[in-house]
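Q: Let me begin by handing over the structure; questions about it come next.
2 protein chains.
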Amino acid sequence: MEDITLSLETAYALALRVLQHNGFSEAHASAIARNVTDSERDGNPSHGLYRIPGCVHTLLRGKVSPDALPVIEDNAPAILRVDAHGAFSLLAWKAALPAFIDKTRQCGIAALAINHCVHFSALWADIEPLTEQGLVALACTPSHAWMAPSGGSLPLFGTNPIAFGWPRAGKPPFIFDMATSAAARGEIDLHRRAGKKVPEGWGLDPQGKPTTDPAQILAGAMLPFGGHKGSALAAMVELIAGPLIGDMTSKESLHYDNGAGGLPFGGELIIAMDPQRFLGEGAATHLARAETLFTDMQEQGARIPGERRHRVRAQSERRGVTIAKALYDEIIALGA
Amino acid sequence: MEDITLSLETAYALALRVLQHNGFSEAHASAIARNVTDSERDGNPSHGLYRIPGCVHTLLRGKVSPDALPVIEDNAPAILRVDAHGAFSLLAWKAALPAFIDKTRQCGIAALAINHCVHFSALWADIEPLTEQGLVALACTPSHAWMAPSGGSLPLFGTNPIAFGWPRAGKPPFIFDMATSAAARGEIDLHRRAGKKVPEGWGLDPQGKPTTDPAQILAGAMLPFGGHKGSALAAMVELIAGPLIGDMTSKESLHYDNGAGGLPFGGELIIAMDPQRFLGEGAATHLARAETLFTDMQEQGARIPGERRHRVRAQSERRGVTIAKALYDEIIALGA
Chain L
1012 MEDITLSLET
1022 AYALALRVLQ
1032 HNGFSEAHAS
1042 AIARNVTDSE
1052 RDGNPSHGLY
1062 RIPGCVHTLL
1072 RGKVSPDALP
1082 VIEDNAPAIL
1092 RVDAHGAFSL
1102 LAWKAALPAF
1112 IDKTRQCGIA
1122 ALAINHCVHF
1132 SALWADIEPL
1142 TEQGLVALAC
1152 TPSHAWMAPS
1162 GGSLPLFGTN
1172 PIAFGWPRAG
1182 KPPFIFDMAT
1192 SAAARGEIDL
1202 HRRAGKKVPE
1212 GWGLDPQGKP
1222 TTDPAQILAG
1232 AMLPFGGHKG
1242 SALAAMVELI
1252 AGPLIGDMTS
1262 KESLHYDNGA
1272 GGLPFGGELI
1282 IAMDPQRFLG
1292 EGAATHLARA
1302 ETLFTDMQEQ
1312 GARIPGERRH
1322 RVRAQSERRG
1332 VTIAKALYDE
1342 IIALGA
Chain B
1012 MEDITLSLET
1022 AYALALRVLQ
1032 HNGFSEAHAS
1042 AIARNVTDSE
1052 RDGNPSHGLY
1062 RIPGCVHTLL
1072 RGKVSPDALP
1082 VIEDNAPAIL
1092 RVDAHGAFSL
1102 LAWKAALPAF
1112 IDKTRQCGIA
1122 ALAINHCVHF
1132 SALWADIEPL
1142 TEQGLVALAC
1152 TPSHAWMAPS
1162 GGSLPLFGTN
1172 PIAFGWPRAG
1182 KPPFIFDMAT
1192 SAAARGEIDL
1202 HRRAGKKVPE
1212 GWGLDPQGKP
1222 TTDPAQILAG
1232 AMLPFGGHKG
1242 SALAAMVELI
1252 AGPLIGDMTS
1262 KESLHYDNGA
1272 GGLPFGGELI
1282 IAMDPQRFLG
1292 EGAATHLARA
1302 ETLFTDMQEQ
1312 GARIPGERRH
1322 RVRAQSERRG
1332 VTIAKALYDE
1342 IIALGA
């Protein structure tokens, strides 16, 4: 398979041009282009440039606003809401970020609800700007009803990712970003395309029976990671990034999609905490104790979540990113 | 094995009397007696009356304060701290609750740090009083370094439980309370006593090799539930209920214990959110959408976390609780 290597600047400029050419406003196009270029750079191609055609097709099918301006609403001393008005989540997040950081520093802990957004992006990218400000952060979002709850057999929960970040002075942050499903939906689909079975425990067929056939799982139900514990966490995400913020559950999102095969539509909840407000003068001492935990992890061969991302990032900054020529051609054909 | 049945009132009075007789102040004794009686009542004997001898022995070994008064500190608009000053967590929690509820209603979201407490109790009991006030809540605490991180082989993390609650009008709340370890430490010990192997995936021997021998796991390292995802959650608990609130990690707690075999010493973090402040006038409508999610779960045979607890509770309220006569005698022998 032929590949092509692009500098990060070229990749970003290409993404921006194609998105604007297809009708996204400059503000939305630059937020999306930044996000997909950053994901590609960090070795996360499933959220990288590969998403450009999907974003464009979502727009052409009328399933996302190309230009809605986010509207920020101050709900309570420690709650901020931003209404994406049917656009992708990224510009809403960017617009709300400064006020959200202020609220967190002021109150010690604060919540941001992003509402009425179309969602395709990885949550770590919403966490990192907070850790860069020295804040601790947690984010989650429902998706489409693709996963059965533990003890059930029908799709009800989304793959409902949870991301968490911890700031580290002078070092890349500790950040994990994980689906509460046993595997990503895309990974199941890749097995299907390759004609391979998936491991046991990934899903059920349409009759609710365990299966290793990826096509049967895609037609049936995915399963949560870690049995009833992962299922409980997925339910928590449905609740706190759904009804709690006045937005859709994964089932409602899939119903709203009405068979179009589009992206999840709904909300995202982010909670941020300021160690300085928790710890006052003791902050430096206590944050150093977290570093001891990380050292202990590394000394026994355990990975710090997010480490790999930053290693790949440093490499991409020197060498650019390499994508399949076929994907490059597909993006170019979208009219840049 | 001979059993004895006690009414809830008798069980509480017995616990209170034994705890006071051994030196706990009335305030601490009643908080502990309430907690263990409630756990016994709810079908959770491992946090029930069985804990009384442990509480007394912890006191007799000088490892917990019998009478320290909790000191509340207002850290920031949305952060409250309560210093247990070396006593059990329960009285500190009770003392801070009214101000914590106020802060949550005022700010929309708030955090409570319980510091310098000895911890033995189940987290659901700290969550339920918040759901009874119509609040959403999340709690977590480190324990002792008993569990290896994913990719490692040495004990570093605690069993680090996470509990979450969602209020339901006129119904028992949705509450889960789960260790981030594959199994509870007590369950591994029960297998050891019974001479049984444990399932694969529960732990490693002292050489870091997977084993199904419970004694080898207790001497080696437990494993997280759900592989690297459960491990990431356990690390999050270490961080946010350890250094973030100026308190110990599980490794520091075990080091502080210095081989005495005592209970974990450190902190607990609780985060509460007020749906009324998130949703305003729309609260009732959106909370009703959460009920649809629960109905969908139940219709396909999935359990609502906490359901069983309330079924058993109703039964215990009618019939009392039944415990082993040997345990009853052990409690009585403590001098009531």
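As you go down the protein sequences, you meet chains L and B in turn. Letter 191 of the first sequence, counting from 1, is numbered 1202 in my numbering, and no numbers are missing. Letter 204 of the second sequence, counting from 1, is numbered 1215 in my numbering, and no numbers are missing. Glycine included, C-beta positions come from ideal geometry on N, C-alpha and C. Every value quoted in this text rests on a predicted model; they were computed, and no experiment measured them.
Using a Cβ-Cβ cut-off of 7 Å, state whether residue 1120 of chain L counts as contacting chain B.
A: yes
Q: May I ask you to list, following chain order, the residues of the stretch 1192 to 1204 of chain L that have a beta carbon less than 9 Å from some beta carbon of chain B?
A: 1193
Q: Between residue 1249 of chain B and the rest of its own chain, which residues show a CB-CB distance below 8 Å, the 5 nearest in sequence each way excluded?
A: 1153, 1168, 1169, 1171, 1260, 1261
Q: For residue 1270 of chain B, tell me which candidate among B:1155, B:1120, B:1052, B:1106 has the shortest Cα-Cα distance.
A: B:1155
Q: Along the stretch 1059 to 1092 of chain B, what residues have a CB closer than 7 Å to any CB found in chain L?
A: 1086, 1087, 1088, 1089, 1090
Q: In chain L, which residues lie less than 8 Å from residue 1147 of chain B when you measure between Cβ atoms?
A: 1250, 1251, 1255
Q: In the DSSP assignment, what residue or residues form a beta bridge with residue 1233 of chain L?
A: L:1158, L:1214
Q: Give the residues from the stretch 1307 to 1325 of chain L that approach chain B closer than 8 Å (Cβ to any Cβ), ordered along the chain.
A: 1307, 1308, 1311, 1312, 1313, 1314, 1316
Q: Is DSSP giving residue 1247 of chain B helix, strand or coil here?
A: helix
Q: Would residue 1150 of chain B and residue 1281 of chain B be called neighbours here (beta carbons separated by less than 7 Å)?
A: yes
Q: Just the chain B side, please: which residues come within less than 7 Å of residue 1155 of chain L by C-beta, in chain order?
A: Per Cβ cutoff of 7 Å: no residues; residue 1155 of chain L is ~14 Å from chain B at best.
Q: What are the boundary residues of the alpha helix (DSSP H) that residue 1173 of chain L is part of?
A: Segment 1173 to 1179 is the beta strand (DSSP E) holding residue 1173 of chain L; no alpha helix (DSSP H) there.
Q: So with CB distances below 7 Å, who are the chain L contacts of residue 1130 of chain B?
A: Result: empty, since nearest Cβ-Cβ is about 18 Å, beyond 7 Å.
Q: Roughly how many angstroms separate the alpha carbons of residue 1042 of chain B and residue 1102 of chain B, rounded to a whole number?
A: 6 Å
Q: State the Cα-Cα distance for the pair residue 1112 of chain L and residue 1144 of chain L, rounded to the nearest angstrom.
A: One C-alpha to the other measures close to 8 Å.
Q: Does residue 1016 of chain L come out as helix, strand or coil in the three-state DSSP assignment?
A: Here residue 1016 of chain L sits in strand by DSSP.
Q: Could you check where the alpha helix (DSSP H) with residue 1341 of chain B kicks off and where it finishes?
A: Going by DSSP, residue 1341 of chain B is part of the alpha helix (DSSP H) stretching over 1336 to 1343.
Q: How many whole angstroms separate the CB atoms of residue 1311 of chain L and residue 1146 of chain B, which I take to be in contact at a CB cut-off of 8 Å?
A: About 39 Å separates the two Cβ atoms, so there is no contact after all.
Q: For residue 1238 of chain L, which residues from the same chain have a beta carbon less than 8 Å from its beta carbon, with the 5 sequence-adjacent residues on both sides left out?
A: 1161
Q: Count the other CB atoms within 10 Å of the CB of residue 1191 of chain L; is the residue buried (16 or more) or exposed (fewer)?
A: buried
Q: Note down, in chain order, every chain L residue with its Cβ under 7 Å from the Cβ of residue 1260 of chain B.
A: 1300, 1304
Q: Of all Cβ atoms in chain L, is any one closer than 7 Å to the Cβ of residue 1276 of chain B?
A: no
Q: Quick one: using the 10 Å Cβ neighbour count with 16 as the cut-off for buried, is residue 1302 of chain B buried or exposed?
A: Looking at its Cβ environment, which holds fewer than 16 other Cβ atoms inside 10 Å, residue 1302 of chain B is exposed.
Q: Among the residues of its own chain, which have a CB less than 6 Å from the CB of residue 1090 of chain B, if the five just before and after it don't count?
A: 1122
Q: Short check: CB of residue 1278 of chain B to CB of residue 1083 of chain B, under 7 Å?
A: no
Q: By the criterion of Cβ-Cβ separation under 7 Å, what are the contact partners of residue 1236 of chain L in chain B?
A: 1237, 1240
Q: Could you tell me the boundaries of the beta strand (DSSP E) in which residue 1126 of chain B lies?
A: Where residue 1126 of chain B is concerned, the enclosing beta strand (DSSP E) stretches over 1120 to 1129.
Q: Buried or exposed: residue 1222 of chain L, going by 16 or more other Cβ atoms within 10 Å of its Cβ?
A: Burial call: buried.
Q: Whole angstroms is fine: what's the gap from residue 1334 of chain L's alpha carbon to residue 1244 of chain L's?
A: 35 Å
Q: Since residue 1192 of chain B sits in a beta bridge, which residues does DSSP pair it with?
A: B:1235
Q: Is the Cβ of residue 1289 of chain B closer than 7 Å to any Cβ of chain L?
A: yes
Q: Flag this pair as yes or no: are the beta carbons of residue 1133 of chain B and residue 1232 of chain B separated by less than 7 Å?
A: no
Q: Over the uninterrupted beta strand (DSSP E) stretch that includes residue 1168 of chain B, give me the two end residues.
A: Unbroken run through residue 1168 of chain B: none, as it is neither H nor E.
Q: Would you say residue 1136 of chain B and residue 1046 of chain B are within 7 Å of each other, going by their C-beta atoms?
A: Their beta carbons are under 7 Å apart, which means residue 1136 of chain B touches residue 1046 of chain B by this criterion.
Q: If we call anything under 7 Å between Cβ atoms a contact, is residue 1345 of chain B one with residue 1029 of chain B?
A: yes
Q: Assign residue 1127 of chain B to buried or exposed, taking buried as 16 or more other Cβ atoms, counted over all protein chains shown, within 10 Å of its Cβ.
A: buried
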